[in-house]
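Enquirer: Take the position in the sequence shown, starting the count at 1, then add 120; the result is the number in our numbering.
Every residue gets a Cβ at the ideal spot worked out from N, C-alpha and C, and that includes glycine.
Let me give you the structure first, and then I'll get to my questions.
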Amino acid sequence: MIPEIRKILCPTDLSENARYAFEYAASLANRYGAGITILHVLEDLSPNALGIVGDMLGKERWEEIKKRNEEQVIRAIRDRIKGFCEEESDKMPACPFIIDEIIVEIGQPADRIFRQAEKTKCDMIVMGSRGQGMFAEAMLGSTSRKVLRRCKKPVLIVRLPEEDE
Numbered sequence: 121m122i123p124e125i126r127k128i129l130c131p132t133d134l135s136e137n138a139r140y141a142f143e144y145a146a147s148l149a150n151r152y153g154a155g156i157t158i159l160h161v162l163e164d165l166s167p168n169a170l171g172i173v174g175d176m177l178g179k180e181r182w183e184e185i186k187k188r189n190e191e192q193v194i195r196a197i198r199d200r201i202k203g204f205c206e207e208e209s210d211k212m213p214a215c216p217f218i219i220d221e222i223i224v225e226i227g228q229p230a231d232r233i234f235r236q237a238e239k240t241k242c243d244m245i246v247m248g249s250r251g252q253g254m255f256a257e258a259m260l261g262s263t264s265r266k267v268l269r270r271c272k273k274p275v276l277i278v279r280l281p282e283e284d285e
């Protein structure tokens, strides 16, 4: 039996590698008539950092600032991703694709990817091999490695071509 691909989860950190991986997701979506869910995860501060900031500002004040800023940042990132999708659509007129949903969350990227894969019942995950984090030069990014090791769904890890690295 040939598996059907109807839903593709495409995590992005908005890096060049993620943009390149999205082209693969769009191509697959076009070929199989699948929809794409784009997920961007803002990494949460470490518990130690949260404690320090909370102590300095006071817990109520910190929560107020955090909530207001989170909403603004999430809205800005969602708008940036919409613009990105429009750009990619214009670059690939022969390869139309459907964006089912754009999701921006706060948390640990790999955990949020797993959660979203189950929630959306995606058939596969397409993501870049490495992002913009502190160790972007590593062979395989830590988030990509975690997803590849632990995910029960098929995962396509896309590397940038060597001339673009």
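Closer than 6 Å by C-beta to Gly253: which residues in its own chain qualify, once you throw out the five before and the five after it? Chain order, please.
Expert: The residue you call residue 253 lines up with position 133 of the sequence shown. Unreliable placement is indicated for Gly253, whose pLDDT of 49 sits below 50; the coordinate value is still reported in the next sentence. Cβ neighbours of Gly253 beyond the five flanking positions: none.
Enquirer: Alpha carbons only, please: which of Ile222, Asp133 and Glu208 is nearest the one belonging to Ala230?
Expert: Position 110 of the sequence shown, counting from 1, holds the residue named residue 230. Per the Cα distances, Asp133.
Enquirer: Classify Pro281: buried if its beta carbon has 16 or more other beta carbons within 10 angstroms, exposed otherwise.
Expert: In the sequence shown, residue 281 corresponds to position 161, counting from 1. Counting Cβ neighbours within 10 Å, Pro281 comes out exposed, since fewer than 16 surround it.
Enquirer: Report the start-end ranges of each beta strand (DSSP E) in the segment 153-225 that is 3 residues or longer and not cut off at the edges.
Expert: With a minimum length of 3 residues, the continuous beta strand (DSSP E) runs that stay inside the segment 153-225 are 155-163.
Enquirer: Check whether the Cβ atoms of Glu221 and Val161 lie closer than 7 Å to each other.
Expert: The count along the sequence shown starts at 1 and reaches residue 221 at position 101. The count along the sequence shown starts at 1 and reaches residue 161 at position 41. No. Outside cutoff.
Enquirer: By the 10 Å Cβ neighbour count, where 16 or more other Cβ atoms means buried, how is Pro274 classified, buried or exposed?
Expert: Here residue 274 is taken as the residue at index 154 of the sequence shown, counted from 1. With fewer than 16 other Cβ atoms within 10 Å, it is exposed.
Enquirer: How do the segment 129-146 and the segment 183-193 stand: do at least 3 beta-carbon pairs fall below 8 Å, yes or no?
Expert: No contact exists between the segment 129-146 and the segment 183-193.
Enquirer: Measuring CB to CB, does Ile156 end up less than 7 Å from Ala149?
Expert: Residue numbering aside, residue 156 sits at position 36 when the sequence shown is read from its first letter. Residue numbering aside, residue 149 sits at position 29 when the sequence shown is read from its first letter. Going by C-beta atoms, Ile156 is nearer than 7 Å to Ala149.
Enquirer: Would you kindly report the start and end of the unbroken beta strand (DSSP E) that includes Ile233?
Expert: Looking up residue 233 in the sequence shown gives position 113. Looking at the DSSP string, Ile233 is not in any beta strand (DSSP E); the run it does join, the alpha helix (DSSP H), is Pro229 to Thr240.
Enquirer: Based on the DSSP output, what are the partners of Val246 in its beta bridges?
Expert: Along the sequence shown, one-based indexing puts residue 246 at 126. According to DSSP, which records beta bridges pairwise, Val246 is partnered with Leu276.
Enquirer: Write down the C-beta distance between Ala154 and Lys127 rounded to the nearest angstrom, noting that I regard them as a contact closer than 8 Å.
Expert: Within the sequence shown, the letter at position 34 stands for residue 154. Within the sequence shown, the letter at position 7 stands for residue 127. About 6 Å separates the two Cβ atoms, so the contact holds.
Enquirer: Nearest to Arg232 by CA position, among Thr263, Arg198 and Met244, is which residue?
Expert: By 1-based counting over the sequence shown, the position of residue 232 is 112. Nearest option by C-alpha distance: Thr263.
Enquirer: Opposite Ile128 in the DSSP bridges: which residues?
Expert: Here residue 128 refers to the residue found at position 8 when the sequence shown is read from its first residue. Per DSSP, Ile156 and Met244.
Enquirer: How would you write the range of the alpha helix (DSSP H) that Ser135 sits in, first residue to last?
Expert: As a position in the sequence shown, residue 135 is number 15, starting the count at 1. Ser135 -> no alpha helix (DSSP H), and no H or E assigned at all.
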